[in-house]
Structures are given as structure tokens and as C-alpha cells.
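Reviewing the structure listed below.
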Amino acid sequence: MRAAHLPGLSAALWAATLLWAEPVVGAQSVGSPEPAACAAPEMLLEVVVGGAPRGAVPVRLGVDLSDTLVPPDVLRAAEAGYAAQTVSCDGQPFVRLSGQVTVTFDQPRQRLLIRPRLDRLQGDTLNLAGAAAGAPTGGQPVWGVEYGADVQATYAVTPAAGAPPAALNATVNADVGGSGGAWSGSAGAQLERSDGSWRAQPRAQVSVGVTDSVRVGAAWNAQPLEGSPGLSSSDFRGVALGAQGGFTLLDPERRVDLPLEADVRVFLDGREVAARRAGPGVLRLVDIPHPAGAPLIVQVEVTDETGVRVQEWVLEPDPDPLPRGAYLAAVRAGSSRGAWGADVRGEYGLGRGWRVGASGSAQLGGSLSAGARVAYADARGGAQASVQVTSAVTGGVRSTVTTLGLRGETQVGAARVSAFTVLPLGAWQDTQLGAALNANLDPWTLSVSARTALRRETWSVEGSVTRTFDTVGSVTLSAAAQPGGWRLGVAGGYRPSPRWDLTGGVRAVQVPPAPGSEAPAVAWQAGAGAAFQVDTGNRLTARVSRDDLAVGGSHVGRVLASGEVGLRGASARVQGAVVALPDGLSAQATLGQRAVLLQTGVPGLSILLGGVFVGRTDAAGSVLLSGFTPGETAEVRVDLRDAPFGVQVGTDRRVIVPPQAGLTVLDWRANFRVLRWVQVRGPDGTPVGNGSVVWSGGSVLLDDEGFGLFPAQVVRGEVRSAGDEVLCVLDVTPGAQEVRCGTPPDQPVQ
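Going by mature numbering (1 follows the signal peptide of the UniProt record, and there is no 0), the letters in the sequence shown line up with residues -21 to -1, 1 to 729, in that order.
Structure below.
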């Protein structure tokens, strides 16, 4: 029979397509007869190419399927690579398929299946390097009023002879500001009281993003490029320029198999960045931009004749906070305390944990300083070498001092060892040396440190050892010594319930005597304290010592507040903001013009920034960090000495890269493992006092009320009494605060 007219490409178009394509070795010319293949009878078969049906067409099915002939219209122009040659049978054009293409004949269904062979197709390439430019540069505009007050009062309820007079010091601020688009700024005033008088200081700061990497700013009685100053004070007046970049990495290549021509859409973290009609073959996605410090989800949606499918990858973050090629830099010029000058600082990432940094400053009076450092850091420790040169003019004579510094730390088993040295060139007698060791040998914790200079009587040594008793308490012995003085103390903590913390201690101190005087008598100091956690955001405290008694409290939430009142003084501190959002006014802890929202998932953690306490995490386990120095990374640390019971920390520190502007969210929750308090009751409903729960992965001791600290995952274990009698088997599920067991132990523990 003769082939009917079929829709699609004409024979002439097919001939032109094959002539354009690279000729196949051994292929005959277009239109040349193929006697063996043409001898096969025509069959009306349904042809399926790459899973897509192409309709019922006449096919000459050879004994050897590699000799099968199909009409040209079966293949699309982009599928020309499947064809070896065209032949003419009885005046009708046919295509002989390449021997590299797999052909299957489904006789019961009368179907001819042509399997996709992607290496025979041209494929496509999609470069996504420019996708980052289309990413949103910040969140919604935010404007509002930031306020704060810090009041310190000293007095004596029972004044003693020679006691200082009562005094009141205070700092109050109010600033109107915010950010929108590339602009951010604030204007307001700070009111300070010290030495019995009040002083008002107007202030303002503004910054604008010139490009995605460069930002300029100016400030009057504030620090430029640092956001709203809050309760901090400054008399700097000048301008600054900050730049940072290189934190967008390029993933070299991801491949998507396209057996058919398809509509392709590419999403980065749910945001569509590219769309294309792609030919069949292998689609190569090259130079996919992703942030260095956070994971990125890449999704490719493919729509072809067979339907819709999605291919997904997760691009993992670079563990190096300053990856190869990343940089931070800042230049500032202006006057401070009546002196004009300029300073510059910056850091550059070398990759694999290495980075270099430099800083310098100059004043019109002739003072100069410059420094450089190279540092390495990984999960086990780090090292740093630095050089600092300072030069000043005194009495018309310039003097220059050069100082070298070395510092390193590493993990050795359960111990962390660190050492440092400071070497002033030309003044070796002022060299300083130091070393420290911290070991966690559960339930013991040991800490020892020592330092000295090369001069006589310049040494000091101190150490402590702590013994914890499950989750209910600890005892710490500490000692320190230096020439002519020493300190010895003992302190303890007890946790009678999940909300209560009791502390107490006593120590003896002898300070070095003043030159020409006799050694003073040993001074004894003692104190005790109590803290009650009302809820995750509110805490009450009380402390007593030989000469003072004080009570206080703190609140962490949309307003940060703390205060204390005692026999010798009182203090109060409040910080917050009222922010105008599209859906109305909202109370927040800060405007967040340049801040990092650190998420730990653990409420009540004490957070240090650059070694300085900056706050506690709120009820959601988050804390807002601000006040970063432009042109530098910052080190965030968790104060493990003040960590809540039941919190296990992977690492206590992390180097972060502050944003140039706006609010950045840093998810650190994977670093923390939280244990939860659960009360265990026996089959009769009474608490299993002083018992235990044992399972294959460990055990938990219960206090006299049946409370114990359990991991967050499901635990199935045996409940045992104080006499080690097996009472039952129970399941402790996530979120449970009380569990009653009633299942007899008739099956093995999982």
C-alpha cells in the first residue's frame, strides 16, 4: 500500500535538514534506493518516540529492527540525529534509523518504540550567571521610631563613713529612621546625664547603595554605615565607603535529560529566574549563582508531550565564612574628639579556611598605624599571624614600634588547647606568652590558663574544675595566682526544678601589696543567688552578698528590658522600636537597619559578639545582632558557662559576614541539640521518683518528682524504679511533657 499524506515536515524539508547535519559514515545519498529494507512489507504501526506518540504511520519493519524504515514526519527537526539516511521506496521517502538508536517492536499492541538516545541529539545550554542580578536586594521598606533608656543609680541605704555620694547616670535616645530601596538612615538625639549634669547631642546618619557591592554613608555624631546608633554614643563626623562581594558562588554545571523538546522553567529558592523552549538532548545549566553562606534549592520544571516533571538539587553552603575571592573593605574619613583623620580596613578570602586582613589609620597630628594578618580556621581550631606597626610624633621626634603576634588553637581529643605570643621588635623584654587548656571529660570540666612576660614577676596562672551531677547541679573549684596575690573559691549550682536555678559560692582573695606596703589581710567574699524562669521570655533574679541584697528581672521579646534594685544601687535598661508596616504599627526590638537575626532554636542562650555580651535569645531562640564594624567579619560565640540545662552545643563560635544594609537571617539551629524535661509516671500514676529510663541509645536519671531530660526524638525504653526494678515500657514522643507507662515489659526494648 502507499503511504497517506501525513502532517508535519515535508520530504523536501527533511532532505534539507539531513544535508545540513553532519553526514553519517557509510550513509548513502539522500533518495538512494535501499533494496533490502524496501523489500519489507509496510505495516500500519503506532510509533512512539521518547515516550511521545507520533500517531499510526506506515512502517517497513525489517527482520533486523536496525533496518526498519519510518516516514520522515515521525521525527522532529531537532531529532535528526536519530536518522542515518533517507531512502526512497516506491517513490515515497523513508528514514532509516541510526544503528545507535534502540528500537523495540511491541507486537501485541502494534507499536514501534524508539528509545531516546540523548548523545545523538544536539541538546542545549542555559547560562544562569546573571540570575543573581534579578534577585530581590532587600525586604519591604521599614520606617519607625527607635527608643532606649539606660539608667544607673548608686546609693547606700545605710551610708558608711567615706562612702561615695549618691549618683544618677542615664542615657536616653530617640531616633526616627528606617530603610527603603537603596536608602537607609536615621535622625534623632541622645540625652546623657553624668557628673550631675545633662547633655543633649543631636545626631544623624544616612547611607545609600551605589551598586550591589558598594555603599556610601555620612554621619554626624554617629558611626557611618552601622545603622541606627541606639544607646551607643559617638562624636564622629564624617563620611565612609564600604564594599563587599564575592559571596555569590557559581555552581559549574547541572544536567537535565530532555528526551523531547520541552518548555523549561528554572527556579532558585522558589524564584523563577529563567524560562526557555529547549530542544531534546542534555540541557546544561551552567554557572548557577548561589549564596556562599546558605543552602540553595534549584528546581527545574520540564513540560513536554508526556506531562510535567520537576528535577531538584540542593546546593550546599560553603563552610568557609569568607570563601575564595570574597572580600570586605571600608574607608572612613572625618573628625573625632577634635582630631581629623582617616582609617581603612578589609579582609579577603583565600579559600579552604584561609583569609588575610589589613587595617591602617592616619591622623593630621602625625600618628600612623598599619597592620596585616593571615588566619586559618576550621572546625577543629585555627591559627593567626599578624604584624602591627605604630608610629607617633612626641616632642618633635617620631618613634615607631613593630609588634608581631602569633595565636593558635586546636582540638586534642576532648581538650581544646590554645597558645599565643606577642613579640615587640627591639623590646624583647616585653614579650608576652600564654597558653590555655579546656577539657570536657563528662561529668568533669577542666580549664587551665597561664601567661607571662619576659620580665620578673609578670606571670599569672588560673584554673578551675567543675563536677556536674546529671542535670540537677554542679560544683566548681577555682584558683588563681600572681606575684604577691592569689584567689581561691568554691561555687555551686542546684536546679530543683526546670524553672529554678540556685547558685552560691565563697572565695578568699589576697591582692598584691602596693609598693612599700605590707601585704593586706585575706578578704573573704560570699554570695548566693536565685533565678526563676517565668516563661521563655521573662526571668526573675535575686542575689545576696555580705554588703548587698538585690532583686531584678529581664524580658526578651518585642521589647528588651532588664532591671535590678538593691541596697547599694539600681539599674534599668529598655530598648525597642515602633515600626510602621503596610498592615499597621508593630513593636520590635530594633529597626534592623543593619542587623543579623541569629536563629538558634534555643531560648535563653547568652550570645557574645566580639567577646562582648550582646543579649539572650528570645522565646523562639533568636537574637538580633547589630553594631558591626564595616569592612570586617565578626565572631559570634555562645557563653557556655551560662547555657541552659539540657542544651548540647556542636561548636560555641562562628565567624559571620555582616550585611552592608538590611536584615540578614542566619540559621544556626543545626548546631544545637535540645533536651526536654519530661515527667515519668508509673502504671499507678505516681511519679517514678529517683528512677531511670533505659533504652538502647542511653539512659536518663529521674529526680525525686520523676523529671528527667530526654532527647527530642522518640524514645522507647524501660522504666526502672530506684531499686532497679523494671516497671514498664513507655514511649516518650516529641512535645510530651508528662508520660504515664502502663505497658508490661513483655517485649524487648527497641
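Idealized CB from N, CA, C, for every residue including glycine.
No experiment lies behind these values; they were computed from the predicted model shown.
(message) Tell me the DSSP secondary structure of Ala507 in three-state form.
(response) Of the three classes helix, strand and coil, the one that applies to Ala507 here is strand, per DSSP.
(request) Run through the region 671 to 718 for me and flag every whole beta strand (DSSP E) of 3 or more residues, listed as ranges in chain order. (result) 671 to 674, 677 to 680, 686 to 689, 694 to 699, 705 to 711
(request) Please report the residue range of the beta strand (DSSP E) in which Leu37 lies. (result) Looking at the sequence provided, one finds Pro at residue 37 rather than Leu. Taken as a continuous stretch (DSSP letters only), the beta strand (DSSP E) holding Pro37 covers 31 to 39.
(message) Give the list of continuous beta strand (DSSP E) stretches no shorter than 3 residues that lie fully inside the region 230 to 254.
(response) 241 to 247
(request) Let me know the secondary structure DSSP gives Tyr61 once reduced to three states. (result) helix
(request) List the residues that DSSP assigns as beta-bridge partners of Cys17. (result) In the DSSP output, where bridge partners are listed per residue, Cys17 has none listed.
(request) Tell me whether Gln79 sits in a helix, a strand or coil according to DSSP, three-state version. (result) coil
(message) In this structure, how does DSSP classify Arg88 when only helix, strand and coil are distinguished?
(response) The three-state secondary structure of Arg88, taken from DSSP, is coil.
(request) Could you pull out every residue in the same chain whose Cβ sits closer than 6 Å to the Cβ of Val335, ignoring the five residues on either side in sequence? (result) Tyr327, Val353
(request) Would you tell me roughly how many angstroms separate the C-alpha atoms of Gly164 and Gly188, rounded to the nearest one? (result) 12 Å
(message) Could you compute how far the alpha carbon of Ser8 sits from the alpha carbon of Arg75?
(response) With a pLDDT of 40 at Ser8, under the threshold of 50, the predicted position of this residue should be treated as unreliable, and no value is reported.
(message) Helix, strand or coil, according to DSSP, for Pro422 in the structure here?
(response) Three-state DSSP puts Pro422 in coil, outside helix and strand.
(request) May I ask you to list the residues that DSSP assigns as paired with Trp177? (result) Beta-bridge pairing links Trp177 to Arg172.
(request) Kindly list the residues whose CB is nearer than 8 Å to the CB of Val469, restricted to its own chain and excluding five residues on each side of it in sequence; keep chain order. (result) Val454, Thr455, Leu456, Ser457, Gly484, Val485, Arg486
(message) Can you tell me whether Asn152 is helix, strand or coil according to DSSP?
(response) strand
(request) Would you kindly report the start and end of the unbroken beta strand (DSSP E) that includes Asn106? (result) 103 to 106
(message) I need the DSSP call for Asn669, collapsed to helix, strand or coil.
(response) coil
(message) Rounded to the nearest angstrom, what separates Val659 and Ala505 at their Cα positions?
(response) 38 Å
(message) Checking 8 Å against the spacing of the C-beta atoms, do Ala197 and Pro181 come in under that value?
(response) no
(message) Taking a contact to mean a Cβ-Cβ separation below 8 Å, would you say Cys68 touches Arg39 in this structure?
(response) With a cutoff of 8 Å on beta-carbon distance, Cys68 and Arg39 are scored as near each other.
(request) Can you tell me which of the three DSSP states Val261 falls into? (result) Collapsing the DSSP output to three states places Val261 in a strand.
(message) Does Gln89 pass the burial test, meaning 16 or more other C-beta atoms within 10 Å, or should it be called exposed?
(response) exposed
(message) Between the alpha carbons of Asp683 and Gly224, how many angstroms are there, rounded?
(response) 57 Å
(request) State the DSSP-derived secondary structure class of Pro51, mapped to helix, strand or coil. (result) helix
(message) Does Gly109 come out as helix, strand or coil in the three-state DSSP assignment?
(response) Here Gly109 sits in helix by DSSP.
(message) For Val66 and Asp266, I'd like the C-alpha separation in whole angstroms.
(response) Cα-Cα distance, rounded: 43 Å.
(request) Using 10 angstroms around the beta-carbon of Leu433, count the other beta-carbons present and answer buried if the total reaches 16, otherwise exposed. (result) exposed
(message) I need the DSSP call for Arg99, collapsed to helix, strand or coil.
(response) helix
(request) In the DSSP assignment, find the unbroken beta strand (DSSP E) run with Leu654 in it and report its ends. (result) Counting along the chain, Leu654 falls outside any beta strand (DSSP E), and DSSP gives it neither H nor E.
(message) So for Gln367, helix, strand or coil by DSSP?
(response) strand
(request) Just the C-alpha distance for Gln627 and Arg652, rounded to the nearest angstrom, thanks. (result) 5 Å
(request) Determine the contact status of Leu577 and Val602, defining contact as a CB-CB distance below 8 Å. (result) Yes, the pair counts as a contact, with Cβ atoms nearer than the cut-off.
(message) At the level of alpha carbons, what is the spacing between Val261 and Asp357?
(response) 38 Å
(request) Throw me the rounded Cβ distance for the Leu301 and Thr569 pair, which I believe falls under 8 Å. (result) That pair is no contact at about 26 Å.
(request) State yes or no: is the C-beta of residue 734 within less than 8 Å of the C-beta of Cys720? (result) Because the chain spans -21 through 729 in this model, residue 734 falls outside it and cannot be assessed.
(request) Within 10 angstroms of the Cβ of Thr282, are there 16 or more other Cβ atoms? Answer buried if so, exposed if not. (result) exposed
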